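Participant: Quick one: structure below, then a few questions.
There are 2 protein chains.
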Amino acid sequence: MSIKPTPETFQGVLVDADTQIESFRQTRNSRRTELVEDYVELIADLIADGGEARQVDIAHRLGVAQPTVAKMLKRLAAEGFIQQKPYRGVFLTARGNELAARSRERHHIVESFLCALGISPETARIDAEGIEHYVSAETLEAFKSHLAKLG
Amino acid sequence: MSIKPTPETFQGVLVDADTQIESFRQTRNSRRTELVEDYVELIADLIADGGEARQVDIAHRLGVAQPTVAKMLKRLAAEGFIQQKPYRGVFLTARGNELAARSRERHHIVESFLCALGISPETARIDAEGIEHYVSAETLEAFKSHLAKLG
DNA sequence: ACGACAATATAGCCATTGCTATATTCTTGT
DNA sequence: ACAAGAATATAGCAATGGCTATATTGTCGT
Ligand SMILES: [Mn+2]
Ligand SMILES: [Mn+2]
Ligand SMILES: [Mn+2]
Ligand SMILES: [Mn+2]
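See below:
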């Protein structure tokens, strides 16, 4: 509102503007990196499991079509996360491996934390797949502390 | 992998395929409704606070440009969440009000839960803005239980 | 009453993330 | 060796969510 009839001090529903702006900005940012994180994490897992990460396997795991994967892999290669040999599987660069490791650890902490709260493993897995990308370092630490306390 | 050299029973890094597919599907779904939820919630808050929700205020709060808001409002109107009078603020339909109420409550629970974990209010606010959209009913209940336990 | 200014509308651009359809290339079994 | 099938590449489309620039419309103060 440009002109507020009721002064802010009456504490309406509205939250501090600057914090909210920053929250939305941060969320938009996380949304932009979400897919990249899931891809490198999945690629790392596929390589760890079967020695290679092929487009068909990635597509199947993600539940999307193969050309969708092909396009994203090009982007990941352009951004230096993976290396692609035509008609071969993809491999992670050092940078890709780092991001994969960070993502995997964060993912695991979030999922474990949800399980520790008594949430069913299925739901924990589903929710963690989304939540992981929006958890800050501070929140991750809090999750870890909570897990340690129950350890 | 079409042909696995190591049988699944050796329990590699890879998680059950069907659950993972479903997790990614669910996450993509939540991502699609994320913005809509934030818009109606914000519109409800602006109306509660100042009696009206104008494009400029929405744009300012979200940290985006006014035409971005104008386009989204058309979509919200088309989907029956709001009513628009040209050159006037927007108003929520019954459907819009319902979604706003649900979103606001869920948002509040997530933020309170994070605070209860000892996370700073600033971080809790930022993280909750993203996390809220990926929290299932079951997880929300677990958060509520945890909050109740802390009295 | 009307000119300034504020708010909204519209046009046109771009990036992202999905899709289908189809062409190309690799691999494998006979 | 080579045909069939599997995997990858490419083309072209659509929806979404951003942006800037600009036109139109309301509102308010004098
Ligand atoms: Mn993940
Ligand atoms: Mn994920
Ligand atoms: Mn919200
Ligand atoms: Mn939000």
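Heads up: the protein sequence lines correspond to chains C and R, in order.
Positions in the first sequence are counted from 1; adding 4 to them yields the numbering used here.
Positions in the second sequence are counted from 1; adding 4 to them yields the numbering used here.
Note that beta-carbon positions come from the ideal geometry of N, C-alpha and C, so glycine has one too.
Since the model is a prediction, treat every value here as computed from it, not as a measurement.
Using a C-beta to C-beta distance shorter than 8 Å, which residues of chain C count as neighbours of ARG35/R?
Facilitator: Correct list: ARG35, GLU38 and GLY134.
Participant: Return yes when the Cβ of GLY134/C is within less than 8 Å of the Cβ of SER34/R, no when it is not.
Facilitator: Contact: yes.
Participant: Is the shortest distance between the beta-carbon of GLN30/C and the beta-carbons of chain R less than 8 Å?
Facilitator: Yes, its Cβ sits closer than 8 Å to a Cβ of chain R.
Participant: If you scan the segment 63–147 of chain C from start to end, which runs of the beta strand (DSSP E) of 3 or more residues do you find wholly inside it?
Facilitator: 86–88 and 94–96, all fully within the segment 63–147 of chain C.
Participant: Taking 8 Å as the limit between beta carbons, can you name the residues of its chain near ALA141/C, skipping five residues before and five after?
Facilitator: Excluding residues within five positions, none has a Cβ falling inside 8 Å.
Participant: Mind reading off the beta-carbon distance from LEU80/R to TYR43/R? Whole number of angstroms is fine, and I expect it under 8 Å.
Facilitator: About 6 Å separates the two Cβ atoms, so the contact holds.
Participant: What number of angstroms, rounded off, separates the C-alpha of LEU118/R from the C-alpha of VAL114/C?
Facilitator: Between LEU118/R and VAL114/C, the C-alpha separation is close to 13 Å.
Participant: Taking 8 Å as the threshold (beta carbon to beta carbon), is ILE47/R in contact with chain C?
Facilitator: With 8 Å as the cut-off, ILE47/R does not count as an interface residue toward chain C.
Participant: Does the beta-carbon distance from VAL139/R to ASP49/C come in below 8 Å?
Facilitator: No, they are not a contact pair.
Participant: For HIS111/R, count neighbouring C-beta atoms within 10 Å of its own C-beta (all shown protein chains included) and say buried if the count is 16 or more, exposed if not.
Facilitator: Buried, because 16 or more other Cβ atoms sit within 10 Å of the Cβ of HIS111/R.
Participant: Note down the Cα distance separating HIS137/C from LEU121/R, rounded to an integer number of angstroms.
Facilitator: Spanning the two alpha carbons is a distance of roughly 19 Å.
Participant: Answer with yes or no whether the minimum CB distance from ILE113/R to chain C is below 8 Å.
Facilitator: No, its Cβ sits nowhere closer than 8 Å to a Cβ of chain C.
Participant: Give the single residue among SER27/C, THR37/C and LEU144/C whose Cα lies nearest to the Cα of GLU83/C.
Facilitator: When only C-alpha atoms are compared, the closest one is THR37/C.
Participant: Express the C-alpha separation of ILE47/R and GLN24/R in angstroms, rounding to a whole number.
Facilitator: In a straight line, the C-alpha of GLN24/R is about 35 Å away from that of ILE47/R.
Participant: Check the Cβ of ILE25/R against every Cβ in chain C and list those closer than 9 Å, keeping chain order.
Facilitator: Within 9 Å Cβ-Cβ: HIS64, ARG65, LEU66 and GLY67.
Participant: Between ARG65/C and THR143/R, what straight-line distance do the alpha-carbon atoms span, to the nearest angstrom?
Facilitator: Taking the straight line joining both Cα atoms gives about 24 Å.
Participant: According to DSSP, ALA57/C sits in a beta bridge with which residue or residues?
Facilitator: Looking at the DSSP assignment, ALA57/C forms a beta bridge with VAL94/C.
Participant: Measuring from each Cβ to the nearest heavy atom of ligand 4, keep the ones under 7 Å and list them in chain order.
Facilitator: Those residues are THR31/C, GLU38/R, GLU41/R, ASP42/R, HIS111/R, GLU133/R, GLY134/R, GLU136/R and HIS137/R, given in chain order.
Participant: If you draw a straight line from the C-alpha of ILE123/C to the C-alpha of ALA146/R, how long is it?
Facilitator: Rounded to the nearest angstrom, the two C-alpha atoms are 7 Å apart.
Participant: Under 7 Å Cβ to Cβ from ILE86/R, same chain only, skipping five residues before and after it: list those, please.
Facilitator: Counting only Cβ-Cβ distances below 7 Å, and skipping sequence neighbours, we find ILE47, LEU77, LEU80, VAL94, PHE95, LEU96, THR97 and GLY100.
Participant: Below 8 Å on C-beta distance, what does THR127/R contact in chain C?
Facilitator: Within 8 Å Cβ-Cβ: SER140, GLU142 and THR143.
Participant: Where GLY54/R and ARG32/C are concerned, what is the direct C-alpha to C-alpha distance, given to the nearest angstrom?
Facilitator: Answer to the nearest angstrom: the Cα atoms are 26 Å apart.
Participant: Could you tell me the alpha carbon to alpha carbon distance between ARG29/C and SER107/C, rounded to whole angstroms?
Facilitator: Taking the straight line from one Cα to the other gives about 21 Å.
Participant: One question on the structure: do GLU45/C and ALA128/C come within less than 8 Å of each other, judged by their Cβ atoms?
Facilitator: Result no, Cβ atoms of GLU45/C and ALA128/C do not sit closer than 8 Å.
Participant: Which bits of chain C does SER124/R rub up against, with CB to CB less than 8 Å?
Facilitator: Within 8 Å Cβ-Cβ: GLU142.
Participant: Does the Cβ-Cβ distance between VAL73/R and GLN59/R come in under 8 Å?
Facilitator: Yes. Within cutoff.
Participant: Tell me whether PHE22/R sits in a helix, a strand or coil according to DSSP, three-state version.
Facilitator: Going by the sequence as given, residue 22/R is Asp instead of Phe. Note: ASP22/R maps to helix in three-state DSSP.
Participant: Could you tell me which of GLN70/R, ALA57/R, ASP61/R and PRO71/R sits nearest to LYS89/R, measuring between CA atoms?
Facilitator: The shortest Cα separation from LYS89/R among GLN70/R, ALA57/R, ASP61/R and PRO71/R belongs to ALA57/R.
Participant: Using a threshold of 7 Å, is the CB atom of SER34/R nearer than that to any non-hydrogen atom of ligand 3?
Facilitator: It does not: the Cβ of SER34/R is nowhere closer than 7 Å to a heavy atom of ligand 3.
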